[in-house]
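Presented below is the structure to which this report refers.
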Amino acid sequence: MIDIKSLSKLNKKYYSKDVNTVAKKLLGKLLVHNIGRIKLAGMIVEVEAYNGKVDQAAHTYIGKTKRNKIMFNEGGYLYVYFTYGVHFCCNIVTGKKDEGTAVLIRGIEPILGIEKMKANRFSSNKIESNKIFNLTNGPGKICQAFQINKSHYGLDLTKDKIYLLEFKKIKEEEIICTTRIGIKKSIDLPWRYYIKDNPFVSKK
DNA sequence: CCACGGATTGGCT
DNA sequence: GCCAATCCGTGGA
Numbered sequence: 010m011i012d013i014k015s016l017s018k019l020n021k022k023y024y025s026k027d028v029n030t031v032a033k034k035l036l037g038k039l040l041v042h043n044i045g046r047i048k049l050a051g052m053i054v055e056v057e058a059y060n061g062k063v064d065q066a067a068h069t070y071i072g073k074t075k076r077n078k079i080m081f082n083e084g085g086y087l088y089v090y091f092t093y094g095v096h097f098c099c100n101i102v103t104g105k106k107d108e109g110t111a112v113l114i115r116g117i118e119p120i121l122g123i124e125k126m127k128a129n130r131f132s133s134n135k136i137e138s139n140k141i142f143n144l145t146n147g148p149g150k151i152c153q154a155f156q157i158n159k160s161h162y163g164l165d166l167t168k169d170k171i172y173l174l175e176f177k178k179i180k181e182e183e184i185i186c187t188t189r190i191g192i193k194k195s196i197d198l199p200w201r202y203y204i205k206d207n208p209f210v211s212k213k
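The first sequence begins at 10 in the working numbering and counts up one residue at a time.
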């Protein structure tokens, strides 16, 4: 069992940088969710940057609304949204106040609480596809495994029970930069980053 | 292996 | 009323 007590938590200043800078640096960090005495933790292996100023695919491109308003805060908050009538997706707000930028978490390698994640993902009669790599290789899957939903919208990552820790140093040459997935606008922006050869990346 | 479509809510026009 | 920053089961090659 890995002891994460000695790892340091990312602070406000860390999240306040430019969204693409932060996105890249989030690779190798540990996402932690404390649920009672259970601790869920996993290493971020795939992310995408969204910037409403220049990016039509960003939810903030249309300006401030009830749904996206947390993205206009300064960095360090959790933006959770509901999509396709089925799934939640989890984002890290970045930058300065009123920028409207965030990083979508798309792939995670489970580290702690794996049995709990399995229970969250594969509860019922379903699935022969309950392989370990299918736990958290996608944004909707991550929220299901980590029990993240609308109630966590706007949570402060420096003060609350969901937060990020320093974990593994990722070398520049291990990072793949490419175009984003599942969008119809601004499809050519190379704002997706993932760790080369990691099995928890959602898609090559 | 790959392509396709259904699920199902809520945000915005 | 349209459609989405997705996932999964099905059906055909």
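A virtual CB, placed ideally from N, CA and C, is assigned to each residue, including glycine.
All of these numbers come straight from a predicted model, not from anything done at the bench.
1. Answer yes if the stretch 147-161 comes into contact with the stretch 71-83, meaning at least three C-beta pairs across the two stretches below 8 Å, and no otherwise.
2. Would you grab the beta carbon distance between Cys186 and Pro148 for me? Rounded to a whole angstrom, and I think it's under 8 Å.
3. In chain order, what residues of the same chain lie with their CB nearer than 7 Å to the CB of Lys177, ignoring the 5 residues before and after it?
4. What does DSSP give as the partner residues of Cys98 in its beta bridges?
5. CB-CB under 8 Å to Ile196, same chain, minus the five flanking residues each way: which ones, in chain order?
6. Name the two residues that bound the continuous beta strand (DSSP E) containing Lys48.
7. Please determine, among Val56, Phe131, Asp206 and Ile47, the residue with the shortest C-alpha to C-alpha distance to Pro199.
8. How many angstroms separate the CA atom of Asn43 from the CA atom of Leu173?
9. Of all the beta strand (DSSP E) runs that stay within the bounds of the stretch 153-190, which reach a length of 3 or more residues?
10. Please go through the same chain and pick out, in chain order, the residues whose beta-carbon is closer than 6 Å to the beta-carbon of Leu19, but skip the five residues on each side of it.
11. Tell me whether Lys62, by its Cβ, gets closer than 6 Å to a heavy atom of the ligand COA.
12. How close, in whole Å, do the beta carbons of Val95 and His161 come, if the pair is a contact with beta carbons under 8 Å?
13. From Gly163, Thr167, Lys205 and Ile192, pick the residue whose C-alpha is nearest to that of Leu87; which is it?
14. Run through the DSSP bridge pairs and tell me what Thr74 is partnered with.
15. Please classify Phe209: is it buried, with 16 or more other beta-carbons within 10 angstroms of its beta-carbon, or exposed?
16. Pop quiz: Asn207 and Glu118 are said to be a contact at Cβ under 8 Å. What is the actual Cβ separation, rounded to whole angstroms?
17. Can the beta-carbon of Ala50 be found closer than 7 Å to that of Val112?
18. Please report the distance separating the alpha-carbon of Ile123 from that of Ile47.
19. Taking the beta carbon of Glu215 as the centre, do at least 16 other beta carbons fall within 10 Å, making it buried, or is it exposed?
20. Pull up the distance between the alpha-carbon of Ser15 and that of Thr145, whole angstroms please.
21. Apart from the five residues on each side of it in sequence, which residues of its chain come closer than 7 Å, Cβ to Cβ, to Ser17?
Here's the rundown:
1. no
2. As a working note, residue 186 is residue 177 in the first sequence. As a working note, residue 148 is residue 139 in the first sequence. About 18 Å separates the two Cβ atoms, so there is no contact after all.
3. Within the first sequence, the letter at position 168 stands for residue 177. Only Gly37 and Met52 meet the Cβ criterion.
4. For the purposes of this step, residue 98 is taken as the residue at position 89 of the first sequence. Cys98 is bridged to Tyr90.
5. For the purposes of this step, residue 196 is taken as residue 187 along the first sequence, with counting starting at 1. Taken in chain order, the residues that qualify are Ala66, Thr188 and Arg189.
6. Here residue 48 refers to the residue found at position 39 when the first sequence is read from its first residue. Counting along the chain, the beta strand (DSSP E) containing Lys48 begins and ends at Ile47 to Asn60.
7. In the first sequence, the residue the question calls residue 199 occupies position 190. Residue Val56 is the option with its Cα nearest to Pro199.
8. Looking up residue 43 in the first sequence gives position 34. Looking up residue 173 in the first sequence gives position 164. Near 12 Å, if we compare the C-alpha coordinates of Leu173 and Asn43.
9. 171-174 and 184-187
10. Against the first sequence, residue 19 aligns to sequence position 10. The residues are Leu173.
11. The ligand COA is not among the ligands present in this structure, which contains no ligands whatsoever.
12. To locate residue 95, count along the first sequence from 1; it is residue 86. To locate residue 161, count along the first sequence from 1; it is residue 152. Actually they are not in contact, since the Cβ atoms of Val95 and His161 sit about 17 Å apart, beyond 8 Å.
13. Stepping through the first sequence from its first residue, residue 87 is reached at position 78. The shortest Cα separation from Leu87 among Gly163, Thr167, Lys205 and Ile192 belongs to Gly163.
14. Locating residue 74 in the first sequence gives position 65, where the first residue counts as 1. Answer is none; Thr74 lacks a bridge partner.
15. On the first sequence, position 200 is the one that residue 209 refers to. Label assigned to Phe209: buried.
16. By 1-based counting over the first sequence, the position of residue 207 is 198. By 1-based counting over the first sequence, the position of residue 118 is 109. The pair is a contact, with the Cβ atoms about 6 Å apart (cut-off 8 Å).
17. Taking the first sequence and counting its residues from 1, one reaches residue 50 at position 41. Taking the first sequence and counting its residues from 1, one reaches residue 112 at position 103. No, they are not a contact pair.
18. On the first sequence, residue 123 is found 114 positions in, with the first residue counted as 1. On the first sequence, residue 47 is found 38 positions in, with the first residue counted as 1. Cα to Cα, the separation comes out at about 11 Å.
19. With the chain represented from 10 up to 213, any question about residue 215 goes unanswered, as that position is not in the structure.
20. The residue labelled residue 15 in the question sits at position 6 within the first sequence. The residue labelled residue 145 in the question sits at position 136 within the first sequence. Looking at the two C-alpha atoms, the distance is approximately 25 Å.
21. Residue mapping note: residue 17 aligns to position 8 of the first sequence, counting from 1. Only Leu174 and Glu175 meet the Cβ criterion.
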